[in-house]
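The next block holds one structure in the form of structure tokens; read it before the comments.
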Amino acid sequence: MTMKKLEDIPKINNFKVPDGYFESLDSKINESLAKEKPLAKASAFDIFKPYIYMAASVLVLVFLLKTVLHITVDKNVQVPITTQTDEAQDYDDFISELCYDEFTFYEYINEQSVSYQEKSDIINTNEDLAYLEDYLSQYYLEYELLYE
Amino acid sequence: MDSNNDNEIISLLNNSESKNAAFSIIVEKYSKQLYYHIRRIVIDHQDADDILQDTFVKAFTKIESFRSESTLYTWLYRIATNTTLNFLSRKKRYYTFTALSYEDTLADKIEADQYFDGDNLQKELQKAILKLPEKQRLIFNMKYYDELKYEEISEILGTSVGALKASYHHAVTKIEKYINKL
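Read top to bottom, the protein sequences are chains A and B. Position 107 of the first sequence, counted from 1, bears residue number 107 in my numbering, the numbering being contiguous throughout. Position 50 of the second sequence, counted from 1, bears residue number 50 in my numbering, the numbering being contiguous throughout.
Right, dumping it as structure tokens:
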């Protein structure tokens, strides 16, 4: 059996086209060309568009971050809202007055310009004890009248 | 190809009034050769039609980039070849994860295509050509069917004449081997 060579095979164009294909090609290409959009010249905005978008994204991110932090910080420092009743207000007034009087009392002690030992003596005197007792009992009485 | 005629067409293209007429002349003059060049690679008529139209649209929109160092014909041929190769790579990507390769489907198409008119030997010849690597297939078709000179093929594909000759010789050997196995 002899080897078949390429030149033994007839060189034929076996590929066919639909009737009138090449005749209608020109109009089809013109239609395709009409659909093609002409390339617009790039404007300055087009050139800087990516950078503008990037800057805008960063700004939005910073704004969001700031807002979130603001809300969080506010929540952290927020003092729970309490309603101060008249009763509590009266108690506060009583305490502050007592402190004031204690301060007055200690001021009175200091005014005596005496030594520590003498201060103890002074306090231990009946007069001072009476003074102290008088003040305390007065406020205790007020406290009892108010709350009991 | 007639380069004097091409120069006349180019001068018509440069005139806005005669531009459309020049396009029609180019389509009429080169559409058949370009169509069959594309068709032999993609086999399917519809695919060849799409690629051919795309080739002309690209050529007409980029006509300013045409340099008279090459002929209009080889320039159009290069656009057609590149457009066809892009089409093939897209198709091959699509067939990556399928059981059949793209070339297998083309071989099946030759059997069933209503626009393929040939006896068994012609069908087997086309199947043998389909077995060649992509670039070797291009070189074989351009030399055997289109009867281009090696210098022209070299200009179109950017491959040296020596490499083209070797590639064509290998292609012929492979085809003959395939045909004789039948």
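Even for Gly, the Cβ is constructed at its ideal location relative to N, Cα and C. All values derive from a computational prediction rather than experimental measurement.
Bridge partner(s) assigned by DSSP for B:Phe-116
Residue numbering aside, residue 116 of chain B sits at position 116 when the second sequence is read from its first letter. Checking the DSSP bridge columns, you'll see B:Phe-116 partnered with A:Phe-15.
Which two residues bound the contiguous alpha helix (DSSP H) that contains B:Ser-31?
Taking the second sequence and counting its residues from 1, one reaches residue 31 of chain B at position 31. Taken as a continuous stretch (DSSP letters only), the alpha helix (DSSP H) holding B:Ser-31 covers 19-42.
Since B:Asn-180 meets chain A, which of its residues come closer than 7 Å, beta carbon to beta carbon?
Stepping through the second sequence from its first residue, residue 180 of chain B is reached at position 180. Chain A residues near B:Asn-180: Met-3 and Lys-4.
Check whether B:Leu-130 and B:Glu-103 have beta carbons under 7 Å apart:
Indexing the second sequence from 1 puts residue 130 of chain B at position 130. Indexing the second sequence from 1 puts residue 103 of chain B at position 103. Yes, Cβ-Cβ distance for B:Leu-130 and B:Glu-103 is below 7 Å.
Closer than 7 Å by beta-carbon distance: list the chain B residues that pair up with A:Ser-32, in chain order.
Locating residue 32 of chain A in the first sequence gives position 32, counting from the first residue. Chain B residues near A:Ser-32: Gln-53 and Val-57.
Just the chain B side, please: which residues come within less than 7 Å of A:Leu-175 by C-beta, in chain order?
In the structure as shown, chain A begins at 1 and stops at 148. Residue 175 of chain A is therefore absent and cannot be evaluated.
Am I right that B:Tyr-186 and B:His-45 are in contact with their C-beta atoms under 8 Å? What's the rounded C-beta distance?
Because chain B here runs from 1 to 182, residue 186 of chain B falls outside it and cannot be looked at.
Distance between B:Leu-88 and A:Ile-29 (C-alpha atoms, nearest Å)
For the purposes of this step, residue 29 of chain A is taken as the residue at position 29 of the first sequence. For the purposes of this step, residue 88 of chain B is taken as the residue at position 88 of the second sequence. Roughly 22 Å between the two C-alpha positions.
When B:Lys-32, B:Glu-8, B:Val-57 and B:Ile-25 are compared against A:Leu-33, the one with the closest alpha-carbon
On the first sequence, residue 33 of chain A is found 33 positions in, with the first residue counted as 1. It is B:Val-57 whose Cα lies nearest to the Cα of A:Leu-33.
Applying the 10 Å Cβ sphere with the 16-neighbour rule, what's the burial state of A:Val-62?
Counted from its first residue, the first sequence places residue 62 of chain A at position 62. Counting of Cβ neighbours within 10 angstroms places A:Val-62 among the exposed residues, the total staying below 16.
Alpha-carbon to alpha-carbon, B:Ile-10 and B:Glu-124:
Along the second sequence, one-based indexing puts residue 124 of chain B at 124. Along the second sequence, one-based indexing puts residue 10 of chain B at 10. Straight-line Cα distance between these residues: approximately 42 Å.
Examine the Cβ distances between the segment 135-143 of chain B and the segment 161-173 of chain B and report whether three or more of them are shorter than 8 Å.
With contact defined as three or more Cβ pairs closer than 8 Å, the segment 135-143 of chain B and the segment 161-173 of chain B are in contact.
Answer with buried or exposed for A:Phe-45, where buried requires no fewer than 16 other C-beta atoms within 10 angstroms of its C-beta.
The residue labelled residue 45 of chain A in the question sits at position 45 within the first sequence. Flag for A:Phe-45 reads exposed.
Give, in chain order, every residue of the segment 61-87 of chain B whose Cβ lies closer than 8 Å to some Cβ of chain A.
Cβ contacts with chain A: Thr-61.
DSSP-derived helix/strand/coil call for A:Glu-7
As a position in the first sequence, residue 7 of chain A is number 7, starting the count at 1. In the three-state scheme derived from DSSP, where H, G and I count as helix and E and B as strand, A:Glu-7 is classed as helix.
Please report how far the alpha carbon of A:Asp-8 lies from the alpha carbon of B:Thr-71, in whole angstroms.
Working through the first sequence from its first residue, we reach residue 8 of chain A at position 8. Working through the second sequence from its first residue, we reach residue 71 of chain B at position 71. If I take the Cα positions, the gap works out to 34 Å.
Could you give the DSSP three-state label for A:Pro-50: helix, strand or coil?
To locate residue 50 of chain A, count along the first sequence from 1; it is residue 50. It is helical.
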